[in-house]
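Notes for the one structure printed next.
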Amino acid sequence: MVYLTVRLVGLLVLGAFSAVHQQSLADGLLSWDADWYLEIARHGYADKDPSMLDGNGNRNPLASMAFFPGFPLLTGWLAVVPGIDPAAAAMLLNLAAGLACAYGLARLGRLVNGSERTGLLLVALFAAAPMSIVLSMPYSEPLFCALAVWTLLWLLEGRWARAGVACALAGAVRHTGVALILVVMLVALVALLRRRDGARPWSALLAAPCGMLGYLGWVALRTGDLDGYFQVRRSGWSSAPDGGLATARFVGESLLTDKSAFVTFAAWILLASVVLLLCCLDRRIAWPLVVYALLVVAFVLGTDGLMFAKPRALLPAFPLLLPLAMGLGNRRAPVMFSGLAAFVCFGSWFSAYALTVWPYAF
């Protein structure tokens, strides 16, 4: 109920923005990357509408391979049901994934802090995070985050086989899965070196990378290059590791020159992710969660590409919200609800502005 309530607030704010700017709410929710996911769900990677353009505005026959197959594949399967088109299937799939993610986050908060309140606050903060509107769009974030949170939960609980399978599935949904894979393999390796749980950690160690390696291998065969996937991202979407130079340049220009409020807030969100990462060093937060958040933040901030989309790319780094949830949970009710309301209002405004006003946020 917490997740659904916060997401409803976000949709109502988006509806108000859409009405003011005389835009269609449905068209907004089904735009940008949603077009690519739905096109892949309908036709696979081979046949695409000629109107589909890559991030550089070009017709690129390989551009769709930048999108991992997990989400559009499940969407296509669900769309086989009579009366459900791919758009409705994607929405239903993400609704279910969002609820699964919310339940996992509530459980994660209880596990870290032993508090029901912390778990519910973590759910609310995640559902209201800047760019969380993609949780209500045909994007892969809800499915990936659901698989990631349950992978980490099972990893902390020593359920190795479940963690390995969930991680393998997550690796077939988003490229961010590399952070999750590295954490699962590291934790499993530590357990094996310490001779904990016998041979069971091997199941997680071996299963974790299968989904991602399988897709990268398929793209390599289709393109004829071993690093075919990375070439597709570089050529079609201008995204490649650069050690954080592009992000640093963006933040510096945004904070030191005359920019719009949205640009400035986007820069502050990127800086806030680093601050929250430092706050995650709290000894109550298990080190696998901290390492996972660190890897996601490093992965997002360490690549170039569309800077305004980086707050969305940080959604999978949900452990960053644990210090906020724990801090609010320790406050009296009026302070807690006031802080949460301010966060929900800001996140809803940022998402709605990004989708209806700012032309390059997605």
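Residues -26 to -1, 1 to 336 in mature numbering (1 follows the signal peptide of the UniProt record, and there is no 0) are what the sequence shown spells out, letter by letter. Using N, Cα and C, we set each Cβ at its ideal position, and we do this for glycine too. Computed from a prediction, not measured in an experiment: that's the story for all the values here.
(message) If distances are taken between C-alpha atoms only, which option among ALA20, SER209 and MET105 comes closest to PHE320?
(response) MET105
(request) Pull up the CB-CB distance for LEU127 and GLY88, whole angstroms please, since I reckon it's below 8 Å. (result) Their Cβ separation, rounded to whole angstroms, is 15 Å, which puts LEU127 and GLY88 out of contact at 8 Å.
(request) From the DSSP output, in three-state form, read off PRO290 for me. (result) coil
(request) Apply the 10 Å Cβ neighbour rule to TYR203 and answer buried if 16 or more other Cβ atoms are within range, or exposed otherwise. (result) buried
(message) Here's the rule I'm using: 16 or more other beta-carbon atoms within 10 Å means buried, otherwise exposed. How should TRP51 be labelled?
(response) exposed
(message) Between the alpha carbons of PHE239 and VAL271, how many angstroms are there, rounded?
(response) 17 Å
(request) Identify which residue in GLY185, SER209, ALA173 and GLY218 has its Cα closest to the Cα of HIS149. (result) GLY185
(request) Quick one: measure Cβ to Cβ for ALA299 and THR92, integer angstroms, because I've assumed they're closer than 8 Å. (result) 5 Å
(message) If you follow the alpha helix (DSSP H) that THR(-22) is in, where does it begin and where does it stop?
(response) -25 to -7
(request) Tell me whether the beta-carbon of PRO43 lies closer than 7 Å to the beta-carbon of ARG16. (result) no
(message) Give the list of continuous alpha helix (DSSP H) stretches no shorter than 4 residues that lie fully inside the region 225 to 284.
(response) 235 to 253 and 261 to 275
(request) Mark ARG(-20) as exposed unless 16 or more other C-beta atoms lie within 10 angstroms of its C-beta, in which case mark it buried. (result) buried
(message) I need the boundaries of the alpha helix (DSSP H) containing MET65, first residue and last residue.
(response) 60 to 87
(message) Measuring straight from C-alpha to C-alpha, what distance separates LEU(-16) and LEU99?
(response) 15 Å
(request) Could you say if the region 117 to 136 and the region 219 to 232 meet the contact criterion of at least three C-beta pairs nearer than 8 Å? (result) no
(request) Quick one: residues in its chain with C-beta nearer than 6 Å to the C-beta of LEU166, no 5 flanking neighbours on either side, listed in chain order? (result) PRO175
(request) Please name the residue in ALA316, LEU179 and VAL86 whose C-alpha comes closest to that of residue 418. (result) The structure shown has nothing for residue 418, since the chain only spans -26 to 336.
(request) Find out if the Cβ-Cβ distance for the pair LEU156, ALA144 is shorter than 7 Å. (result) no
(message) If the criterion is Cβ atoms closer than 7 Å, does the pair SER322 and VAL108 meet it?
(response) no
(request) Thinking VAL97 and TYR(-24) are a contact (beta carbons under 8 Å), I'd like their distance in whole angstroms, please. (result) 5 Å
(message) I'd like to know whether the C-beta atoms of ALA326 and PHE(-10) end up nearer to each other than 7 Å.
(response) yes
(request) Could you tell me the boundaries of the alpha helix (DSSP H) in which GLY57 lies? (result) Element bounds for GLY57: n/a, residue is neither H nor E.
(request) Measure from the alpha carbon of TRP192 to the alpha carbon of each residue in ASN32, GLU13 and PHE41, then state which is nearest. (result) PHE41
(message) Three or more C-beta pairs under 8 Å: does that hold for the region 270 to 290 against the region 211 to 219?
(response) yes
(request) Since I believe ALA120 is in contact with CYS75 (beta carbons under 8 Å), could you give me their beta-carbon distance rounded to a whole number of angstroms? (result) 4 Å
(message) Given this structure, state the Cα-to-Cα distance separating PRO56 from GLY226, to the nearest angstrom.
(response) 52 Å
(request) Using three-state DSSP, classify PRO215 as helix, strand or coil. (result) strand
(request) Look up PRO103 in the DSSP assignment and say whether it is helix, strand or coil. (result) Reading off the sequence shown, one finds Ala at residue 103, where the question assumed Pro. Three-state DSSP puts ALA103 in coil, outside helix and strand.
(message) I need the boundaries of the alpha helix (DSSP H) containing SER322, first residue and last residue.
(response) 307 to 330
(request) Compare the C-alpha of LEU314 against each of ALA101, SER209, ALA53 and ILE58 and name the closest. (result) ALA101
(request) Verify whether the separation of the beta carbon atoms of VAL147 and PHE45 is less than 7 Å. (result) yes
(request) Please list, in chain order, all residues of the same chain as ALA194 whose beta carbon is under 8 Å from its beta carbon, the five residues on each side excluded. (result) LEU200, ASP201, GLY202 and TYR203
(message) Since PRO293 and LEU263 should fall inside the 8 Å C-beta cutoff, what is the C-beta to C-beta distance between them, to a whole number of angstroms?
(response) 4 Å
(request) Keeping to the same chain, check which residues put their C-beta closer than 7 Å to that of GLY132; ignore five residues upstream and five downstream. (result) ASP171
(message) Mapping the DSSP letters down to three states, classify GLY185 as helix, strand or coil.
(response) helix
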